[in-house]
Every structure is written in C-alpha cells, then in structure tokens.
Amino acid sequence: MAEFNVDEIKEFQSRSLVEVIFRQMEGMILAGNFQPGERINESRIAALLGVSRAPIREALRLLASSGILEVRANRGMFVRDIQPREVDELYDIRGALDALAGERAAALFREDQRPRLERWMGEMAVHVEAKDVGGYYRANINFHTAIVEIAGNENLLAMYEGICKRMSLFRQASLSLPGQLGVSLQKHRKIADAITANDPAKAGNLLRHHTLEAKKTLLRAIKGKKTT
201 MAEFNVDEIK
211 EFQSRSLVEV
221 IFRQMEGMIL
231 AGNFQPGERI
241 NESRIAALLG
251 VSRAPIREAL
261 RLLASSGILE
271 VRANRGMFVR
281 DIQPREVDEL
291 YDIRGALDAL
301 AGERAAALFR
311 EDQRPRLERW
321 MGEMAVHVEA
331 KDVGGYYRAN
341 INFHTAIVEI
351 AGNENLLAMY
361 EGICKRMSLF
371 RQASLSLPGQ
381 LGVSLQKHRK
391 IADAITANDP
401 AKAGNLLRHH
411 TLEAKKTLLR
421 AIKGKKTT
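Here the sequence shown is numbered in my numbering, starting from 201 and rising by one per residue.
Written out as structure tokens, the structure is:
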C-alpha cells in the first residue's frame, strides 16, 4: 500500500486555515469591526481562535498585500487609515471602471438580466426606508457588482473587486451623512434605467458622475472631521 505524504497534507491543512482566517478577517474589517488606524493584535486573535500565531501572521500578510492592512515598522499591522489623497486616487480609478462597466453593460443588456438589477434596487429601497446604512451599503455593492458582471469582462471584474475592497474601508462613511441614502437611491434608479434602456453613453456618464460626486462628498466629510 502506498504511503500518504503527511507533510503535504499538513501543508494543505495549514494553507486552508490561513485562507479561512483571511476571509473572516477581511469580512470583519470591511464590516467595520476593526476601525481605520486600529492595530491588529496577533496574540489576541490567535487566543480567540485557539490556533498558533503562524497562520494568523500569514493571513495578515495577505490582507496587507490586498491593501486592507498596512505594516508599520516595529509596530505591527494596522487597518489602513483614511487618507484624502488615497481617497481621491481610488475614486478616480473607480470612476473610470464604473463608466466602462456601465457602457458595456448597457450595450450588452438583455431583458432576462433585469431581475438582477431590480433585486438590489428593491433591497436598497427597503434599507432607505429603515435608515439602515449598513444594509444599504451591502445592497449597493451588489448592485454595482451586478453591472460589472453584466458587462461580461472578467478582467474588469477582478480589477473592480480589488479596488472596491480597498475603498470599503471608507465608502460607508459617506452614506452615513444626513440625507445621503435617499439621494443615492435616486441616482441608482437613473443608472438602472439607462442600462435597461440599452443606452451606453448615458449609463457610462451617470456612473462616472455618481462616483466622482461620491468622492467629493466623502472628502468634505473627511476634511470636516479633521478640523473638528
């Protein structure tokens, strides 16, 4: 009987554990369980999970490489803090990607894809009524992802998701401002209508404008916090 490669199995188990920790940590950070600028305590997390620090450390390295965490020399890992310059740069990139996605989605849109957009429009409307910023934010992400998926470009989708993960560290803050949920919902309705009407130019322009307006709103909020 052939012998099992125990070392390979252990390596797979370790790698799987790192992936699980990575996904859970990523979800908690993006959900706001860890605040921007907060230090990640490896020992505390290892104790809570009942594992050694090695897989925790590897998962944190992966999070740092994705741009969610940052390494500070001789101090450890920290959740990336909000920096106006980075907000400005990421929103400009996101605006270009949104416009491209909107143009392609509108050009390729089929009637059987309408329920995908309407589902998230409906959920956003429910969360506006309940004044649920967190719920609205999640539905908003799914709405925009659906547009990129309809655009049918896998490379665009990969780039878009990478940018959005980094932006999730601060995007929810702009929706928390008074009146923003209702305004945002109205803009998304116009975007959905342009896509379902197969109007690439209008969909692309609306998405670009929507993203750049969100950038201005968030930058005003950040500057306001820094002066108080």
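We treat Cβ as the ideally placed atom computed from N, Cα and C, and that holds for glycine.
Opposite residue i in the DSSP bridges: which residues?
i      : result
Val430 : Residue coverage of the chain in this structure runs from 201 to 428, which leaves residue 430 outside it and unanswerable.
Arg239 : Phe278
State the DSSP-derived secondary structure class of residue i, mapped to helix, strand or coil.
i      : result
Arg310 : coil
Phe343 : helix
Gln386 : helix
Val220 : helix
Val251 : coil
Gln380 : helix
Gly302 : helix
In its own chain, which residues sit with a C-beta less than 8 Å from the C-beta of residue i, not counting the 5 before and 5 after it?
i      : result
Ile341 : Cys364 and Ser368
Met359 : Leu297
Lys415 : Val287, Asp288, Tyr291, Asp292 and Gly295
Asn205 : Here the model assigns Asn205 a pLDDT of 47, short of 50, so the residue's position is not dependable, and the following value carries that caveat. Excluding positions up to five away in sequence, the list is empty.
Am I right that residue i and residue j are in contact with their C-beta atoms under 8 Å? What's the rounded C-beta distance?
i      : j      : result
Ile347 : Ile395 : 7 Å
Gly302 : Leu406 : 7 Å
Phe343 : His388 : 6 Å
For residue i, collect the residues of the same chain with a Cβ closer than 7 Å to its Cβ; drop the 5 residues on either side in sequence, then sort them by chain order.
i      : result
Ala306 : Ala394, Ile395, Asn398, Asp399, Pro400 and Ala403
Gln235 : Val279
Gln313 : Ile350
Are the CB atoms of residue j and residue i within a distance shorter than 8 Å?
i      : j      : result
Ile429 : Leu260 : The structure shown does not extend to residue 429, since the chain is modelled only from 201 to 428, so the question has no answer here.
Asn355 : Arg304 : no
Pro255 : Val279 : no
Leu317 : Ala392 : yes
Near residue i, which residues of its chain fall below 6 Å by C-beta distance, leaving aside the five closest residues on each side in sequence?
i      : result
Ser243 : none
Glu238 : Val279
Gly335 : His327
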